[in-house]
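Protein sequence lines correspond, in order, to chains S and B.
Residues in the first sequence are numbered consecutively from -12, following the working numbering.
Residues in the second sequence are numbered consecutively from 60, following the working numbering.
Down below is the structure, laid out as C-alpha cells.
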Amino acid sequence: GESVGLHLPTLSVQEGDNSIINCAYSNSASDYFIWYKQESGKGPQFIIDIRSNMDKRQGQRVTVLLNKTVKHLSLQIAATQPGDSAVYFCAESPTGANNLFFGTGTRLTVIP
Amino acid sequence: DTEVTQTPKHLVMGMTNKKSLKCEQHMGHRAMYWYKQKAKKPPELMFVYSYEKLSINESVPSRFSPECPNSSLLNLHLHALQPEDSALYLCASSHRDRETEAFFGQGTRLTVV
C-alpha cells in the first residue's frame, strides 16, 4: 500500500475553537486525497475530498488544504463541536478509482 | 436509503469453523468493498467488486473468500481463520462516478478463538 501518515496521533481542542489535523503523504502520483471521520463503534464517514490539481476546497465547517510541494494535507474544522470528537483518517487514491489507502489516524477530542 | 447494512454485528468463531459475513446496500452503487481494521489502526483494503466482478484482491489469504451474488449484496466467507484475523471487518460501497466517497457499514467485530 501507499504510505500516508499523520503528524500527531491525538489532538484536544476546546469547544468553539478551530481544529487543524495534518497528514503527510508519500505518493506524488496520487490523484485524490480524502478525509474520513470514524466515531466509536461506527464505520468511517466521508467528510471531504480534494483532487491533486487543487490546493483548497471548502465544505460545511471544513476546509481541506493540499500542499503538493511538501506532500502535506490538512483538515481544518471551524467552531469545533463535541460531535466532532472522533478519529480522523486521511486517505489517498492513486487513480481516483476504488483503491483508497488510509493513513494512521488522529483522535480529536473536543473539550466542552 | 444511504445505509450499508452488515450482519452480524459480532461474531465469535473457532479456527475450524466456517462462517459468512453479509453486507447489503440499496443505493444502486456498483462498487463494493471489504476492509479489515485492527484496533487503533486504519482500515486496510481487502477486496473490491465492480459491477459484481472482483476487480481488486489485495493479496488476501485464501481463507477469506468474497462473493457478490448481485449488485446489492456482498458476502465474505471465512474458513480456517487464525486468531490474528480477529478484527473489525468493514463493508463499503460507492457510486461509480464518486469512488472517493465510500459509504461504510458499522462493521462486523470478528473474534477468532
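From the three backbone atoms N, C-alpha and C, an ideal C-beta is built for every residue, glycine too.
Since this is a predicted model, take the numbers as computed values, not measurements.
By the rule that beta-carbons nearer than 8 Å mark a contact, Pro102 of chain B touches chain S. With at least 16 other beta carbons inside 10 angstroms of its own, Tyr108 of chain B counts as buried. Interface with chain S (8 Å Cβ-Cβ cutoff): Thr159 of chain B is included. Classified as exposed, Lys77 of chain B has fewer than 16 neighbouring CB atoms from the shown chains inside 10 Å of its CB. The Cβ of Asn86 of chain S sits closer than 8 Å to at least one Cβ of chain B. Gly73 of chain B has a beta carbon lying at 8 Å or more from every beta carbon in chain S. One thing to note: Ser72 of chain S has its Cβ no nearer than 8 Å to the Cβ of Val49 of chain S. Around the beta carbon of Asp36 of chain S, a 10 Å sphere encloses 16 or more other beta carbons of the protein chains shown; the residue is thus reported as buried.
Per DSSP, the beta bridge partners of Met91 of chain B are B:Tyr108, B:Ser152. Going by C-alpha positions, Tyr148 of chain B is about 33 Å away from Asn54 of chain S. For Ala139 of chain B, there is no enclosing beta strand (DSSP E), as DSSP marks it with neither H nor E.
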